[in-house]
Structure formats: C-alpha cells, structure tokens
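Asks: Going line by line, the protein sequences match chains L and W.
Residues in the first sequence are numbered from 16 upward in steps of one, following my numbering.
Residues in the second sequence are numbered from 16 upward in steps of one, following my numbering.
Cβ coordinates follow ideal geometry from the N, Cα and C atoms, glycine included.
2 protein chains.
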Amino acid sequence: MKKKYYIGVDIGGTKILTALTDKKGNILSKAKKPTEADLGQEVIMRNIQESIDKVVDKSEVQKESIIRIGVGSPGPLDYEKGIIIENSNLSWKNVPIVKILNEINGIDVVLENDANAAALAENYFGAGKKADCIVYITISTGIGGGIIINRRIFHGGKGNAGEIGHMTLVPESVYQCGCGNKGCFEAVASGTAIARRAKDAVLDNKDNLIYKLCKGDLDKIDALLVAEAAKKGDYLALEIFKITGNLLGVGIANVVNLFDPEIIVLGGGVMSAESLFIDQMVESLKERALKPNLENLVIKKAELGKNTGVLGAVAVAMGDDLL
Amino acid sequence: MKKKYYIGVDIGGTKILTALTDKKGNILSKAKKPTEADLGQEVIMRNIQESIDKVVDKSEVQKESIIRIGVGSPGPLDYEKGIIIENSNLSWKNVPIVKILNEINGIDVVLENDANAAALAENYFGAGKKADCIVYITISTGIGGGIIINRRIFHGGKGNAGEIGHMTLVPESVYQCGCGNKGCFEAVASGTAIARRAKDAVLDNKDNLIYKLCKGDLDKIDALLVAEAAKKGDYLALEIFKITGNLLGVGIANVVNLFDPEIIVLGGGVMSAESLFIDQMVESLKERALKPNLENLVIKKAELGKNTGVLGAVAVAMGDDLL
C-alpha cells in the first residue's frame, strides 16, 4: 500500500510553522519562516508556499504521496469556503487561501480556525488521545478553545461555534474584550486580565512585590511578572491568581454544563503558573458544574507545547483518515 | 407502502400527555391522565401504559403499524440506556422505562430529556422548521433548553450536554439555583428570578403596584403579577423586566457564541410578557454576541404551545425517519 503523508501549515502573526508528517503524525520535516504580516497578501502567501516547498524538499517524500494540506489560521474565517475573512495580525482580507494553495500544489487543502485545530491535535496526538469528546482551552494573553465531539471539530450551526473565550462571564465587568464586549471569559480570566488586575491594584498600593519588580513602570506588568511576585509570596499577587482561578473555574464549569466532555485539556502560557490558581479553579468548577457532568470528567494539561499549532494543522489535513 | 405511525408520551409532574400521530406529526388521537406522581413507580407506569392503550384504541391504527414510542421526561436520565435516573417531581429512581414499555408493547421505545424533545419538536413541526440548527430556550419558572445540530439533538460528550439553564451567568449573585449553584442563567433570568427581584424590592419599598396587587402577601408575587403591574405602568415592575431582559440577552448571546445556531426559538410562560423585556434582551444580545454569529441569526417565538411536550416525544419517536 502506498504510504500517506500530510502537511500542516500554522499561520501565526510573526511566523509560519510548517511540517510534513506520516499518517501517524510523526514529523519528518519542519520549516519556520517569518510571516512578514505587514507586507501584505502576496508576500505572506509567498512565504507560506516557500515553507511548503521546503518541508517537501527536506523530506524524501514525493509530492504525489501527500494526501492533504491543512492550514490553521486565526479567524474569523469561512472554513467551508476556505476563505480567511479577516486577521487583525495580518494585513489581508478575504483571502481564498484554499483555492490558491490548491492551484499551486495540486493537493487538497483544508482550512481551520487555529484554536479548533489545536483541539484536534490534542485529541489525535496529545492529552486527549483516549477520548472521543474533549474541550481544549488555551489560557494565554487571550482565552481560546476548540470543542471535539466524536473526534470531529464541533462547528455548530453556521460554522462559528465554540467561541469559548467570548462567553460573557461577568456581565457587569468593565474589563473590555478585544471583541468589543465587556466581561468575556477572555477579558476576565486570561493573562491580560491577571496583568490588568495587578496594574489597577498597584495604582493605589505600591507596597508590594509587583510594584518593585516592575520598577514603577506599570507597562512592564504582565502575567509572568505577577506570577513571579506570587511565587515569592507576595500577598497581592497571590490574591490576583486566586480571583482569576475562581473565574477560570466558572468558565470551565459552563463549558462542562454545555458540552459535557470526557476531558478538558488546558494549555497556554498561563498554565505554567497553574500551582497559583489550580485549587481555586477546581473548587469553583466543582461548585458550579452539574453532578452528572462532573462524573468521570478528567482535567489534563495540554501535551503538545510548541508543536500544538503545526500538529493542529496536520490533524486538520488528516481529517477523518485517522479515525 | 405500509403507513407509519408514532406515539409520544410526555411525563409531567402532574399529568401524562400521550399522542398518536402519522408520519407528518398530525395528531390522530390524544390522551391525558394524572401522573399520580406520589403513588410510586408502579402506579405511574400503569398510568403511562393506560394512556398508550387509550391512544391506540381511540385511533383506527393497528398496533403493528406503530414504528416507535418516544418518551419525554425531565432528567437526569440516561437516554442511551433508557433509564430515568431521578426525578424530583416523581417518586421514583432508576426506572428502566424503555425496557418496561418495550416488553409490554413489543414496540421500540426511545427516551429523551423533555427540553431536548421540545427543541426537536420545534425543529420538526414548529418555529424552527426551516433550519438545520436551532436552539430552543424555554423561559418559565426555570430556564431549560435543547440544542439541535443538523436536525439531531446535541448530546455532547457524555450525554448530558446543553444544560443552558445551568451556565453561571452572574458569578457573584446570591440567587440560589435548584441545582445547588448560585447565579445560574435559570436563577437570575427566569420567572422565579423576576418574582424574587420583586419580593426583595417590596421589602424596602411598599409604594408600588406590585405590593398593592399582592395585597401585602409576598408569597403571591410571581412573574405574572409583576407583569400585570408593569403593564399598568408601575416603574419598579418595569425596571425588573428590564434587568431580566438584559440578563436574558447575555445568556442568549453566550448560546449564540458557543453554538452559532440559525434560529433561537423562545418558549415558556414568561414569553407572554415579551413586550416588557424584548428590547433590552435584543440590545444586550447584540452587544455581546460575535458579529459573524449574529449574521443571519433569527429569533422566533415557539409555535407549538401546549403540544410542545407531547409533540417533542413524538419527534423523538420519529428520530431520523423524518429526515
């Protein structure tokens, strides 16, 4: 039987990561190129195509053996039509990326939201391997996620479902979200929210480690700095993580009540500080999730780390082939 | 071709409603019996069976032409195993209702959560007929709902998904929900929440129509009474509906961001007062839902009224036959 290979392309704001894998997801070759997002569609597309050519050249795989190319991109996008509608990080609009890459390469191309792709990667290759239904939540500067039901990405009704980060969690919050709304899960429980809580607090109270560590420059305060202060025992920083952990638990409980997954997989930079908020998170999750949904629910850390994006694109390329 | 018929049984706390329909959902015969919930499993099951016998007898349909019996019941239940796990309204536990009814009648039996069944009914026969993906939300003393994706009930990972009423909407709320949590959608935006807001308010302020209408007996305050006061122009009552409308909009926006349906179908008793809260509801929905998800979204009133429950059970009986 002819061997099957797949290519995944992860389009980030600063870099394009591309990989060629066998049908088990083993990476045979990899390429990393700057996106050059500010130089417009033509340059970005050229960089993407060069990275595809590179992974093919570096491997010993014939282009004819490549079954599909998967592309992961931040949204909004029309995954059915294969169009990236907009991307605030990239200076382009309504790019029919599937059509373009298909015409150049003569290979089927599939487009997917990067958070959904990451969820599929954790389901196929990572922490969610043993389950059919997982929810992947990434907690970093924002909060994103993807929902996998029966080993397929859940797209809901019109294709744009699963926007976990944009459920309103605190209706009366003044914390503005990038989407325009206030009090979104992302606005109140992300790394950005941790930093904002710290900035707001040190305005009134400078007798704490956060203020010392930023040396009076509030712009230097981010979730990492607050975590550093907390790990050194700073009371304010510890409290900020507790508040955030509580809200993370509320958001996850909502996901559990609405999707009833077998596994919740948590990824993203903020998880490196998990010891600072995990107790509050689990406590409020248990308080707020329905008993039947909590039963047999597993919470796990994401396993794929820096490869999540590109393996997500590979998983999208594989589609149902792996099932 | 042999004609196909279906039976739907809707088990309520006080009455059992049963109907026999043709394959288009036209009701050919109907039966209504008291549940006699306090008399235990044997009596309840006898009442259910008698209602099945009655709809068959009243119609001219041969029992052999009945394809399936659908049963709608409040949860928690194990729809895959066909077991009603518990029911706070009925004095029974772990009833293998599918097995029991199947053995007596020699007909396939399917069990479903009543809110999910109602959603399917609105999708098959009611306000959601034209869509493949709808979310049905019933706003009455509680808030329940069902999610239909590609004309099938969305059960999520472990079967208990779609618990819309139990997403936490106001984490710091003191409003207790029946589920044990505080600040659930149901706890802050249902008819019960409307009544509670009114009761709390009239404790401090008796110069309003709500207090007059209940004649000082706070136990008489329910959503209907508050609506009556509001319709007569009472400021406090109008404010209560505005606050509730705003929270209904927040909850619906979350549903829209997470499931991206084509149609939201709103039912339940509180909808009879829709003019008092619809503007605030739509305003906060538009403020909080993502733009791509709002596009082409339709909000409609439920159409099946008192038949929702029993037609839901019929829709469950039909399953994919109607597709």
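If you measure from the beta carbon of W/Thr153 to each beta carbon in chain L, is any gap under 8 Å?
Replies: By 1-based counting over the second sequence, the position of residue 153 of chain W is 138. Cβ-Cβ to chain L under 8 Å: no for W/Thr153.
Asks: Grouping DSSP H, G and I as helix and E and B as strand, with all else coil, what is W/Tyr226?
Replies: Position 211 of the second sequence holds residue 226 of chain W. Helix at W/Tyr226.
Asks: Would a C-beta distance cut-off of 8 Å place L/Ala317 and L/Leu281 closer than the cut-off?
Replies: Residue 317 of chain L sits at position 302 when you count from the first residue of the first sequence. Residue 281 of chain L sits at position 266 when you count from the first residue of the first sequence. Going by C-beta atoms, L/Ala317 is nearer than 8 Å to L/Leu281.
Asks: With distances taken between CB atoms, is the gap from L/Pro276 to W/Gly177 smaller than 8 Å?
Replies: Along the first sequence, read from residue 1 onward, the residue named residue 276 of chain L stands at position 261. Along the second sequence, read from residue 1 onward, the residue named residue 177 of chain W stands at position 162. Contact: no.
Asks: Under a CB-based cut-off of 8 Å, is L/Gly174 close to chain W?
Replies: On the first sequence, position 159 is the one that residue 174 of chain L refers to. True, the Cβ-Cβ gap to chain W drops below 8 Å.
Asks: Taking 8 Å as the threshold (C-beta atoms), are L/Leu300 and W/Pro186 in contact?
Replies: By 1-based counting over the second sequence, the position of residue 186 of chain W is 171. By 1-based counting over the first sequence, the position of residue 300 of chain L is 285. In this structure, L/Leu300 does not lie closer than 8 Å to W/Pro186 by Cβ.
Asks: Under the rule that 16 or more other beta-carbon atoms within 10 Å means buried, what is L/Tyr21, buried or exposed?
Replies: In the first sequence, residue 21 of chain L corresponds to position 6, counting from 1. That one is buried.
Asks: For L/Ala288, which residues in the same chain have their Cβ closer than 6 Å to its Cβ, ignoring the five residues on either side in sequence?
Replies: For this step, residue 288 of chain L is matched to residue 273 along the first sequence. Only Ala242 meet the Cβ criterion.
Asks: Shorter than 7 Å, the distance from the beta carbon of W/Val203 to the closest heavy atom of the ligand NAP, or not?
Replies: With respect to the ligand NAP, the structure shown offers nothing to examine, as it has no ligands at all.
Asks: Please return the same chain residues whose Cβ sits closer than 6 Å to the Cβ of W/Lys214, not counting the five positions on each side in sequence.
Replies: Walking along the second sequence from the start, residue 214 of chain W turns up at place 199. Leu233, Ile236.
Asks: How many Å lie between W/Ile149 and L/Asn223 at the Cα?
Replies: As a working note, residue 149 of chain W is residue 134 in the second sequence. As a working note, residue 223 of chain L is residue 208 in the first sequence. Roughly 51 Å separates the two Cα atoms.
Asks: Which class does W/Ala142 belong to by DSSP, given the choice of helix, strand or coil?
Replies: Reading the second sequence from its first residue, position 127 is the one you call residue 142 of chain W. In this structure, W/Ala142 counts as coil in the three-state DSSP scheme.
Asks: Could you give the DSSP three-state label for L/Asp129: helix, strand or coil?
Replies: Your numbering for residue 129 of chain L matches position 114 in the first sequence. Looking at L/Asp129 - three-state DSSP - the assignment turns out to be helix.
Asks: Can you pull the chain W residues whose beta carbon is under 9 Å from the beta carbon of L/Val185, in chain order?
Replies: Numbered from its first residue, the first sequence carries residue 185 of chain L at position 170. Ordered by position in chain W, the residues that pass the 9 Å Cβ test against L/Val185 are Val185, Pro186, Glu187.
Asks: Which residues of chain W have a Cβ atom closer than 7 Å to the Cβ of L/Arg303, listed in chain order?
Replies: Counting from one through the first sequence, the residue named residue 303 of chain L turns up at place 288. In chain order: Thr183, Asn196.
Asks: In chain order, what residues of the same chain have a beta carbon less than 6 Å from the beta carbon of L/Ala142, not counting five sequence neighbours either side?
Replies: Here residue 142 of chain L refers to the residue found at position 127 when the first sequence is read from its first residue. If we look at L/Ala142 and ignore the five residues flanking it on each side, its Cβ neighbours are Val280, Lys315, Ala317, Glu318.
Asks: Under 7 Å between beta-carbons, which chain W residues line up against L/Phe274? List them in chain order, please.
Replies: Start at 1 with the first residue of the first sequence, and residue 274 of chain L comes out as number 259. Ordered by position in chain W, the residues that pass the 7 Å Cβ test against L/Phe274 are Gly171, Gly172, Ala176.
Asks: Roughly how many angstroms lie between the CA atoms of L/Ile179 and L/Ile162, to the nearest whole one?
Replies: For this step, residue 179 of chain L is matched to residue 164 along the first sequence. For this step, residue 162 of chain L is matched to residue 147 along the first sequence. Near 9 Å, if we compare the C-alpha coordinates of L/Ile162 and L/Ile179.
Asks: If we define contact as Cβ-Cβ less than 8 Å, is W/Ala268 a contact residue for chain L?
Replies: Reading the second sequence from its first residue, position 253 is the one you call residue 268 of chain W. Yes, W/Ala268 lies at the interface with chain L (some Cβ there is under 8 Å from its Cβ).
Asks: Apart from the five residues just before and just after W/Met286, which ones in its own chain have a Cβ nearer than 7 Å to its Cβ?
Replies: Residue 286 of chain W sits at position 271 when you count from the first residue of the second sequence. Taken in chain order, the residues that qualify are Ile154, Lys316.
Asks: Let me know the secondary structure DSSP gives W/Asp93 once reduced to three states.
Replies: Against the second sequence, residue 93 of chain W aligns to sequence position 78. W/Asp93: strand per DSSP, three-state reduction.
Asks: At the level of alpha carbons, what is the spacing between W/Ile98 and W/Asp53?
Replies: Position 83 of the second sequence, counted from the start, is the residue given in the question as residue 98 of chain W. Position 38 of the second sequence, counted from the start, is the residue given in the question as residue 53 of chain W. Rounded to the nearest angstrom, the two C-alpha atoms are 19 Å apart.
Asks: Leaving out five residues before and five after W/Val296 in sequence, what residues of the same chain have Cβ atoms less than 8 Å from its Cβ?
Replies: The residue you call residue 296 of chain W lines up with position 281 of the second sequence. Residue identity differs from the one stated: residue 296 of chain W is Met in this sequence, not Val. Correct list, in chain order: Gly260, Asn261, Leu263, Gly264, Ile267.
Asks: Using a Cβ-Cβ cut-off of less than 7 Å, give me the residues of the region 80 to 109 of chain W that come near chain C, in sequence order.
Replies: Of the protein chains in this structure, namely L and W, none is chain C.
Asks: Cβ of W/Pro307 less than 8 Å from any chain L Cβ?
Replies: Along the second sequence, one-based indexing puts residue 307 of chain W at 292. Yes, because at least one Cβ of chain L sits closer than 8 Å to the Cβ of W/Pro307.
Asks: Mapping the DSSP letters down to three states, classify L/Ile255 as helix, strand or coil.
Replies: Here the question's residue 255 of chain L lines up with position 240 in the first sequence. Note: L/Ile255 maps to helix in three-state DSSP.
Asks: Would you mind giving the Cβ-Cβ distance between L/Leu43 and L/Ser74, rounded to the nearest angstrom? I have them listed as a contact below 8 Å.
Replies: Translated into positions along the first sequence, residue 43 of chain L becomes position 28. Translated into positions along the first sequence, residue 74 of chain L becomes position 59. L/Leu43 to L/Ser74, Cβ: 5 Å. Contact.
Asks: From this set, L/Lys69, L/Asp25, L/Lys39, L/Lys38, which residue's C-alpha is nearest L/Thr50's C-alpha?
Replies: Numbered from 1 along the first sequence, position 35 holds the residue referred to as residue 50 of chain L. Residue L/Asp25 is the option with its Cα nearest to L/Thr50.
Asks: Please list the partners that W/Asn311 has in chain L, where partner means a Cβ-to-Cβ separation under 9 Å.
Replies: Here residue 311 of chain W corresponds to residue number 296 of the second sequence, with the count starting at 1. Here the neighbours are Lys173.
Asks: Where does the unbroken beta strand (DSSP E) through W/Val313 begin, and where does it stop?
Replies: Looking up residue 313 of chain W in the second sequence gives position 298. Note, W/Val313: beta strand (DSSP E), 313 to 316.
Asks: Would L/Leu262 count as contacting chain W if we go by Cβ distances under 8 Å?
Replies: As a working mapping, residue 262 of chain L is identified with position 247 in the first sequence. With 8 Å as the cut-off, L/Leu262 counts as an interface residue toward chain W.
Asks: Below 8 Å between beta carbons: does that hold for L/Ala134 and L/Ile84?
Replies: In the first sequence, counting from the first residue as 1, residue 134 of chain L sits at position 119. In the first sequence, counting from the first residue as 1, residue 84 of chain L sits at position 69. For L/Ala134 and L/Ile84, no; Cβs fall outside 8 Å.
Asks: Does the beta carbon of L/Val280 sit closer than 8 Å to a beta carbon anywhere in chain W?
Replies: In the first sequence, counting from the first residue as 1, residue 280 of chain L sits at position 265. Chain W, which has no Cβ nearer than 8 Å to the Cβ of L/Val280, makes this no.
Asks: At which residues does the beta strand (DSSP E) containing W/Val241 begin and terminate?
Replies: In the second sequence, residue 241 of chain W corresponds to position 226, counting from 1. No beta strand (DSSP E) holds W/Val241; the alpha helix (DSSP H) holding it covers 238 to 246.
Asks: Could you tell me whether the Cβ of W/Val297 comes closer than 8 Å to any Cβ of chain L?
Replies: Locating residue 297 of chain W in the second sequence gives position 282, counting from the first residue. So, not an interface residue.
Asks: Could you please tell me which residues of the region 222 to 235 of chain W, in chain order, have their CB closer than 9 Å to any CB of chain L?
Replies: Within the region 222 to 235 of chain W, no residue qualifies.
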